[in-house]
Amino acid sequence: MSTVRRASAVIVAGLIVGAISGAALGVVWWALAPRVPLIVRPGVSFPENYQPEGFLAADAAFGALAIVAGVAITIGLANMRREHLFSVLVAALLASAVGTAAMWFVGTRLGSVDIDGLIATTTEDLVVDAPLAVSMYGMFLMWALASAAVVTVLALGDWVKELRAHRRGPA
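First residue of the sequence shown: 1, per our numbering; consecutive thereafter.
As structure tokens, then:
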């Protein structure tokens with residue numbers, strides 16, 4: 001038995017699942033991402049003692065989690081409304097925007113450090129874990145790219161199936 005759902009139901013589901021999974025993945029990212037040591041020197045402003053070259057692993061963790069979420073959520077959304085892939089694409093892209101923002105927000109808030117406060121209160125050099133951040137901005141697109149790839153594969157599969165059925169002719 002086939003269930004036909006409205007496009008609005010799929011879009012709302014995408015937004016809700018994107019927000020919830022994004023927040024949960026923010027916690028996972030915070031737990032998995034390696035920390036970069038940061039030397040806090042009294043009287044030296046934050047950007048001068050910031051060393052972003054150690055953030056590659058944190059960026060890779062963010063991107064990998066986003067890709068997994070994009071694939072899994074888009075497959076779920078396609079299962080809800082397979083007959084109209086355009087609404088699945090819209091829902092998946094909205095889910096990716098909300099989910100990526102939630103993932104970044106939760107992960108960076110859990111890993112935040114008040115560097116300016118430490119600079120103002122310390123009297124000697126202090127080594128702390130740097131705040132969790134995404135330094136390669138392309139990582140913010142990983143969820144959306146994975147979602148678009150899933151919809152593209154599904155659309156190509158449908159197209160090939162129709163071509164084969166057309167070549168066979170009427171049964």
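Yeah, the Cβ is synthetic: ideal placement off N, Cα and C, and Gly gets one too.
These figures come from a predicted structure and were not determined experimentally.
Starting from the Cα of residue i, find the closest Cα among the options and give me that residue.
{"i": "Ala-191", "options": "Met-103, Gly-157, Glu-162 and Leu-145", "result": "In the structure as shown, the chain starts at 1 and stops at 171, and residue 191 therefore has no counterpart that could be examined."}
{"i": "Met-142", "options": "Ala-66, Arg-35, Val-88 and Thr-74", "result": "Ala-66"}
{"i": "Val-36", "options": "Val-127, Leu-163 and Ala-148", "result": "Val-127"}
{"i": "Ile-115", "options": "Val-40, Asn-79 and Val-150", "result": "Val-40"}
{"i": "Gly-18", "options": "Asp-125, Lys-161 and Val-90", "result": "Val-90"}
{"i": "Val-68", "options": "His-84, Glu-124, Ala-149 and Asp-125", "result": "Ala-149"}
{"i": "Ala-57", "options": "Asn-79, Pro-34, Leu-38 and Gly-70", "result": "Pro-34"}
{"i": "Val-151", "options": "Glu-162, Asp-125, Ile-73 and Tyr-137", "result": "Ile-73"}
For residue i and residue j, I'd like the C-alpha separation in whole angstroms.
{"i": "Ala-7", "j": "Gly-107", "result": "31 Å"}
{"i": "Ser-147", "j": "Ala-61", "result": "18 Å"}
{"i": "Ser-135", "j": "Thr-122", "result": "27 Å"}
{"i": "Arg-109", "j": "Ala-120", "result": "21 Å"}
{"i": "Arg-186", "j": "Arg-82", "result": "Nothing about residue 186 can be read from this structure; the chain reaches only from 1 to 171."}
{"i": "His-84", "j": "Met-139", "result": "28 Å"}
If you follow the alpha helix (DSSP H) that residue i is in, where does it begin and where does it stop?
{"i": "Asp-116", "result": "115-121"}
{"i": "Gly-138", "result": "Run containing Gly-138: none; DSSP gives neither H nor E here."}
Pull up the CB-CB distance for residue i and residue j, whole angstroms please, since I reckon it's below 8 Å.
{"i": "Leu-77", "j": "Ala-97", "result": "That belief does not hold up - the Cβ atoms of Leu-77 and Ala-97 are roughly 14 Å apart, past 8 Å."}
Starting from residue i, follow the beta strand (DSSP E) in both directions and report where the run begins and ends.
{"i": "Val-127", "result": "126-129"}
Please give the ranges of any alpha helix (DSSP H) in the stretch 17-100, keeping only runs that are unbroken, at least 4 residues long and fully inside the region.
Considered as a whole, the stretch 17-100 harbours 56-80 as its complete alpha helix (DSSP H) runs of no fewer than 4 residues, in chain order.
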